[in-house]
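Protein chains in written order, with our numbering: chain R, 2 to 162; chain B, 144 to 333. For reference, the structure is listed below as structure tokens.
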Amino acid sequence: MAHIRKKKSKETPPVSTASLPDIVFMLLFFFMVTTTMREVTLLVKVKKPKATEIQKLDRKDLTTYIYMGSPRNTELYGSEPRIQLDDQLGSVGDVQSFVILKREEINEAERPKFTVSIKADIDVKMGLISDLKQELRKAQALKISYSTNPAGSPEELYKTY
Amino acid sequence: MARNKRAIPEINAGSMADIAFLLLIFFLVTTTMDVDKGLMVKLPPWSEEPPPDNNEIRQKNIFIVLVNSNNQLLVEEEYMELQDLRAAAKLFIDNNGDGSCEDCRGSRDATSSENPSKAIISLQNDRGTSYDMFVKVRNELLGAYSELRNELAERKYGRPYDLLNEEGQTAISEVYPQFISEAEPVSVGG
């Protein structure tokens, strides 16, 4: 008996790694389920402005995104700021039908919560954005959100100007 | 036959973990858990007719903020820096000229707004104003309202506005309703 005990204390048994694949698979499934692949490829450069009074947009399925900025491919599209609707560049005139189509996809009970998120670059001029706002008003999409990044403090915003 | 069957070697599952790790790392890298955040705005409904004459709204109840194409501010016909805008807007909203707002602490200046539910902030911008500046100005105006609401919430309930229950929040937003109008772009020069 004494002999056996001595032998045992000499070396600790190796940790079993048999359950390692299970753990990894569990994590894998978690990330597979939560991953949302980027739905659109950005054709325009968007550097969002900063703000402090921001609110979260929690229902992604009720939100439609409109991107604005100068095109990435300047040889093809020039450098003037453009509007991107889904996967293609559009003009202000296309916005109204685009928004109405998007709203039709939502079930009727939740249509009042339909929100348009404007993801515009800081260098876009307000002329284009005002035109877009007019089109949204015509399409009766009145809930909009100016997409921004959070700023640390209001003072941070004064400095850059 | 039976012997042959037995001879098929078992597939080594030792590398299963490696494969799973590879996939795991791929999904870890591609996952974006970003939540979209922004300034929530409600637009007025579209109407073909020009907006009605503002005779009913008395001039002292409108706080006009102009932003020109050089991103300069003109507030109530005076040049102003961005960092002073929030305080000026707060003074205007909280002024309580006719004394009907019991919770306001304003200076009751006869030339400024009558009460918070009549006070309207009109934000006008040029077509050449940059989006960055517009968002900053918009942010300051929203900030003025949220500061006033927070101050009132602290006085009344001893808690900031965000931590109040729904009842408290509606009670306070009735005292300070948000009236920010984004006018159609005009040429404000500059």
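We treat Cβ as the ideally placed atom computed from N, Cα and C, and that holds for glycine. No experiment lies behind these values; they were computed from the predicted model shown.
Proximity test, Cβ basis, 8 Å: residue i and chain R
i	result
Gln226 of chain B	yes
Ser266 of chain B	The sequence given here has Leu at residue 266 of chain B, not Ser. Chain R, which has no Cβ nearer than 8 Å to the Cβ of Leu266 of chain B, makes this no.
Val208 of chain B	no
Phe277 of chain B	yes
Arg270 of chain B	yes
Ala160 of chain B	yes
When the options are compared against residue i, the one with the closest alpha-carbon
i	options	result
Glu156 of chain R	B:Ser265, B:Glu219, B:Leu225, B:Val318	B:Leu225
Leu90 of chain R	R:Leu102, R:Thr35, R:Asn74, R:Leu21	R:Asn74
Val178 of chain B	R:Ser154, R:Tyr159, R:Asn150, R:Leu158	R:Asn150
Ala110 of chain R	R:Gly70, R:Leu86, R:Leu63, R:Leu29	R:Leu63
Val96 of chain R	R:Thr42, R:Ser71, R:Tyr66	R:Tyr66
Rounded separation between residue i and residue j - CA only
i	j	result
Ile24 of chain R	Thr35 of chain R	17 Å
Phe31 of chain R	Pro15 of chain R	29 Å
Asp241 of chain B	Ile263 of chain B	15 Å
Gly128 of chain R	Leu44 of chain R	21 Å
Lys126 of chain R	Lys49 of chain R	13 Å
Tyr159 of chain R	Ile207 of chain B	20 Å
Lys46 of chain R	Thr116 of chain R	22 Å
Arg138 of chain R	Leu186 of chain B	7 Å
Glu327 of chain B	Leu166 of chain B	51 Å
Ser212 of chain B	Asp269 of chain B	6 Å
Asn293 of chain B	Ser20 of chain R	52 Å
Ser131 of chain R	Phe170 of chain B	39 Å
Ser250 of chain B	Lys233 of chain B	11 Å
Val278 of chain B	Ala160 of chain B	49 Å
Neighbour-count burial assignment, residue i, 16 or more Cβ in a 10 Å radius
i	result
Gly79 of chain R	exposed
Ser148 of chain R	buried
Asp227 of chain B	exposed
Thr53 of chain R	buried
Glu257 of chain B	buried
Lys57 of chain R	exposed
Proximity test, Cβ basis, 8 Å: residue i and chain B
i	result
Ile101 of chain R	no
Lys114 of chain R	no
Gln85 of chain R	no
Tyr147 of chain R	yes
Leu44 of chain R	no
Leu137 of chain R	yes
Exercise. What are the complete beta strand (DSSP E) segments, minimum 3 residues, inside the segment 107 to 148 of chain R?
Worked result: The segment 107 to 148 of chain R contains these whole beta strand (DSSP E) runs: 116 to 121, 144 to 148.
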